[in-house]
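Numbering of the sequence shown is given in my numbering, commencing with residue 205 and proceeding in unit increments.
Note that the Cβ used here is the ideal one computed from N, Cα and C, for glycine as well.
Every value quoted in this text rests on a predicted model; they were computed, and no experiment measured them.
Reading through the structure tokens given below for one structure.
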Amino acid sequence: MSYQKTIAKRVESSGVGLHSGVDVTIAFSPAPVNTGIMFRRSDLEGDAALIPARFDHVADTRLCTVIANRQGASIATIEHVMAALAGMEVDNVFVDISAAETPVMDGSAQPFVAMLQKAGFVEQEQPRRVLRVLREVTVGEGDYWARLSPSDEFRLSFNISFANPLLAAQSTHFHKAFNDFESEIASARTFCLYEEIEGMWAAGLAKGGSLDNAVVVQGDKVLNPEGLRYEDESVKHKALDAIGDLFTSGHQIVGAYHGERAGHALNNQLLKALFADAANYVIEDEETDWEELRLVDAAD
Numbered sequence: 205m206s207y208q209k210t211i212a213k214r215v216e217s218s219g220v221g222l223h224s225g226v227d228v229t230i231a232f233s234p235a236p237v238n239t240g241i242m243f244r245r246s247d248l249e250g251d252a253a254l255i256p257a258r259f260d261h262v263a264d265t266r267l268c269t270v271i272a273n274r275q276g277a278s279i280a281t282i283e284h285v286m287a288a289l290a291g292m293e294v295d296n297v298f299v300d301i302s303a304a305e306t307p308v309m310d311g312s313a314q315p316f317v318a319m320l321q322k323a324g325f326v327e328q329e330q331p332r333r334v335l336r337v338l339r340e341v342t343v344g345e346g347d348y349w350a351r352l353s354p355s356d357e358f359r360l361s362f363n364i365s366f367a368n369p370l371l372a373a374q375s376t377h378f379h380k381a382f383n384d385f386e387s388e389i390a391s392a393r394t395f396c397l398y399e400e401i402e403g404m405w406a407a408g409l410a411k412g413g414s415l416d417n418a419v420v421v422q423g424d425k426v427l428n429p430e431g432l433r434y435e436d437e438s439v440k441h442k443a444l445d446a447i448g449d450l451f452t453s454g455h456q457i458v459g460a461y462h463g464e465r466a467g468h469a470l471n472n473q474l475l476k477a478l479f480a481d482a483a484n485y486v487i488e489d490e491e492t493d494w495e496e497l498r499l500v501d502a503a504d
């Protein structure tokens with residue numbers, strides 16, 4: 205039996221918000237069983253400060269995932285934090301943020317992974333509950349879509365295609381049994397095309413972006429002096445985003461995800477479609493033996 209997990213002690217770090225450009229502090233703190241991932245605005249008080257990291261609290265998906273509560277408080281760009289928590293299999297934690305956006309750090313999930321490792325992990329007394337996909341669910345249309353389908357464990361595949369020679373076609377796969385999240389996904393940084401930057405600034409976004417926290421591609425060149433961390437870093441970052449977005453389901457997922465040029469909006473729509481019909485999924489103890497259950501059903 206696998207049990208729920210939290211962290212052993214509080215850890216804190218600081219950085220700048222990718223879109224807001226505001227200096228912000230983030231801290232992870234231990235949380236009791238069945239808390240899930242709970243964000244707290246440390247600059248607010250009472251219930252207004254609490255924002256559950258759940259798909260039904262997602263308020264915006266424009267270039268990042270934003271969660272909000274009924275009091276109107278919000279936190280932007282949670283996906284890299286959520287990916288780190290999912291990758292390290294942390295079930296319960298408080299995430300304290302001193303402003304309305306998480307710090308971008310280096311543009312990847314690795315700084316948050318390092319914080320969690322510094323805090324250490326504690327197994328808790330309750331069994332871990334996972335979300336098993338029972339029926340295929342697809343959202344989107346044309347060349348942009350996302351799908352969840354039944355699988356015996358979490359698997360992910362992703363394809364991207366941009367009007368750019370370096371990003372014309374990239375694909376990646378992630379399978380927990382064969383791939384290591386920290387070494388193969390966590391360090392992939394957010395990216396953009398050089399010609400998109402002015403448009404983002406005009407929309408009030410990317411105020412904190414720089415070559416220190418994002419990969420910038422112009423034509424067939426990467427403008428970052430250090431180059432890429434992975435040959436396929438851009439599609440790996442899209443996989444990272446998807447892992448973070450999927451964790452807003454409230455559980456680790458047992459199922460196969462495929463993203464075809466998908467983004468935060470489609471990932472959120474996919475979870476809403478999954479939860480729209482109880483026949484699509486079941487939430488169970490992680491060690492449930494589904495092959496044994498099938499044999500029992502067949503005997504009946």
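Check your understanding: Measuring CA to CA, which of S453, L338, H455 and I487 is closest to S355?
Key -> Locating residue 355 in the sequence shown gives position 151, where the first residue counts as 1. That would be L338, whose Cα lies nearest to the Cα of S355.
Exercise for review: Provide the residue(s) that pair with M242 in DSSP beta bridges, ordered along the chain.
Suggested key: For the purposes of this step, residue 242 is taken as residue 38 along the sequence shown, with counting starting at 1. Bridge partners of M242: P256 and F298.
Exercise for review: Tell me, please, whether the stretch 450-459 touches the stretch 352-367 by the rule of three or more beta-carbon pairs shorter than 8 Å.
Suggested key: yes
**Study point:** alpha helix (DSSP H) runs wholly inside the stretch 302-376, at least 4 long, in chain order
**Key:** 314-323
Point to revise | Those residues which DSSP pairs with E488 across a bridge | key: Here residue 488 is taken as the residue at index 284 of the sequence shown, counted from 1. V334, per the DSSP bridge assignment.
Check your understanding: G467 by DSSP, collapsed to three states: which one?
Key -> To locate residue 467, count along the sequence shown from 1; it is residue 263. Reduced to three states, the DSSP call for G467 is coil.
Check your understanding: Would DSSP call Q473 helix, strand or coil?
Key -> Stepping through the sequence shown from its first residue, residue 473 is reached at position 269. Q473 falls in the helix class under three-state DSSP.
**Study point:** Among S224, H223 and S217, nearest to A231 - alpha-carbon criterion
**Key:** For the purposes of this step, residue 231 is taken as the residue at position 27 of the sequence shown. Selected option, being the one with the closest Cα: S217.
Review point. For C396, which residues of its own chain have a beta-carbon under 8 Å away from its beta-carbon, when the five flanking residues on both sides are left out?
Key: Counting from one through the sequence shown, the residue named residue 396 turns up at place 192. Result list for C396: M404, A410, G413, A418, V419, V420 and V421, in chain order.
Point to revise | Segment limits, beta strand (DSSP E) that includes L444 | key: Sequence index remark: in the sequence shown, residue 444 carries index 240 (1-based). Segment E437 to L450 is the alpha helix (DSSP H) holding L444; no beta strand (DSSP E) there.
Review point. What are the boundary residues of the beta strand (DSSP E) that F382 is part of?
Key: For the purposes of this step, residue 382 is taken as the residue at position 178 of the sequence shown. Where F382 is concerned, there is no enclosing beta strand (DSSP E), given that its DSSP letter is neither H nor E.
Point to revise | Between the CA atoms of D310 and P429 - distance to the nearest angstrom | key: For the purposes of this step, residue 429 is identified with residue 225 of the sequence shown, where counting begins at 1. For the purposes of this step, residue 310 is identified with residue 106 of the sequence shown, where counting begins at 1. Cα to Cα, P429 sits roughly 14 Å from D310.
Review point. Tell me the DSSP bridge mates of D264?
Key: Start at 1 with the first residue of the sequence shown, and residue 264 comes out as number 60. Beta-bridge pairing links D264 to V270.
Practice item. Enumerate in chain order the residues of its own chain whose CB-to-CB distance from D300 is below 6 Å, with the five nearest sequence positions on each side excluded. Key: Reading the sequence shown from its first residue, position 96 is the one you call residue 300. Closer than 6 Å at the Cβ level, and outside the excluded window around D300, lie A231, R244 and S246.
Review point. From P331 to N238, what does the alpha carbon distance come to, in whole angstroms?
Key: Numbered from 1 along the sequence shown, position 127 holds the residue referred to as residue 331. Numbered from 1 along the sequence shown, position 34 holds the residue referred to as residue 238. Cα to Cα, P331 sits roughly 10 Å from N238.
Exercise for review: Pick helix, strand or coil for Y434, following the three-state DSSP scheme.
Suggested key: In the sequence shown, the residue the question calls residue 434 occupies position 230. If DSSP states are grouped into helix, strand and coil, Y434 belongs with coil.
Practice item. Label P315 either buried or exposed according to how many other C-beta atoms from any shown protein chain fall within 10 Å of its C-beta, with 16 as the threshold for buried. Key: The residue given as residue 315 occupies position 111 in the sequence shown. Counting Cβ neighbours within 10 Å, P315 comes out buried, since at least 16 surround it.
**Study point:** Distance between D489 and E357 (C-alpha atoms, nearest Å)
**Key:** To locate residue 357, count along the sequence shown from 1; it is residue 153. To locate residue 489, count along the sequence shown from 1; it is residue 285. When rounded, the distance between both Cα atoms is 13 Å.
Review point. Could you give the residue range of the alpha helix (DSSP H) that holds I401?
Key: Reading the sequence shown from its first residue, position 197 is the one you call residue 401. Its alpha helix (DSSP H) spans residues I401 to A406.
**Study point:** Three-state secondary structure (DSSP) of S414
**Key:** Your numbering for residue 414 matches position 210 in the sequence shown. Correct three-state label for S414: coil.
**Study point:** Range of the contiguous alpha helix (DSSP H) that encloses G291
**Key:** Locating residue 291 in the sequence shown gives position 87, counting from the first residue. That run of the alpha helix (DSSP H) goes E283 to G291.
Exercise for review: Measure from the alpha carbon of I364 to the alpha carbon of each residue in A446, T265 and M286, then state which is nearest.
Suggested key: Here residue 364 is taken as the residue at index 160 of the sequence shown, counted from 1. When only C-alpha atoms are compared, the closest one is A446.
Exercise for review: Identify whether L397 lies in helix, strand or coil by the three-state DSSP scheme.
Suggested key: As a working mapping, residue 397 is identified with position 193 in the sequence shown. In this structure, L397 counts as strand in the three-state DSSP scheme.
Point to revise | Test item: CB-CB of V215 and A323 under 8 Å | key: Mapped onto the sequence shown, residue 215 falls at position 11. Mapped onto the sequence shown, residue 323 falls at position 119. In this structure, A323 lies closer than 8 Å to V215 by Cβ.
Practice item. Would you list the one or two residues that DSSP bridges to D481? Key: Translated into the one-based positions of the sequence shown, residue 481 becomes position 277. Answer is none; D481 lacks a bridge partner.
**Study point:** Short Cβ contact (8 Å threshold) for V262 with T452
**Key:** Locating residue 262 in the sequence shown gives position 58, where the first residue counts as 1. Locating residue 452 in the sequence shown gives position 248, where the first residue counts as 1. Against a cut-off of 8 Å, the Cβ pair of T452 and V262 comes out as a contact.
Check your understanding: Do the stretch 366-385 and the stretch 431-446 make contact, defined as three or more Cβ pairs closer than 8 Å?
Key -> yes
Check your understanding: Could you give the distance in angstroms between the alpha-carbon of S302 and the alpha-carbon of D264?
Key -> As a first step, residue 302 is located in the sequence shown; it is residue number 98 there, counting from the start. As a first step, residue 264 is located in the sequence shown; it is residue number 60 there, counting from the start. Cα-Cα distance, rounded: 20 Å.
Check your understanding: Would F382 be called buried (16 or more neighbouring beta carbons within 10 Å of its own) or exposed?
Key -> Within the sequence shown, numbered from 1, the residue matching residue 382 stands at position 178. Burial call: exposed.
Point to revise | Alpha-carbon spacing of E327 relative to A318, whole angstroms | key: Position 123 of the sequence shown holds residue 327. Position 114 of the sequence shown holds residue 318. Spanning the two alpha carbons is a distance of roughly 19 Å.
**Study point:** Expected contact under 8 Å - CB spacing of I487 and L320 to nearest Å
**Key:** Locating residue 487 in the sequence shown gives position 283, counting from the first residue. Locating residue 320 in the sequence shown gives position 116, counting from the first residue. Rounded, the Cβ-Cβ distance is 24 Å, inconsistent with contact.
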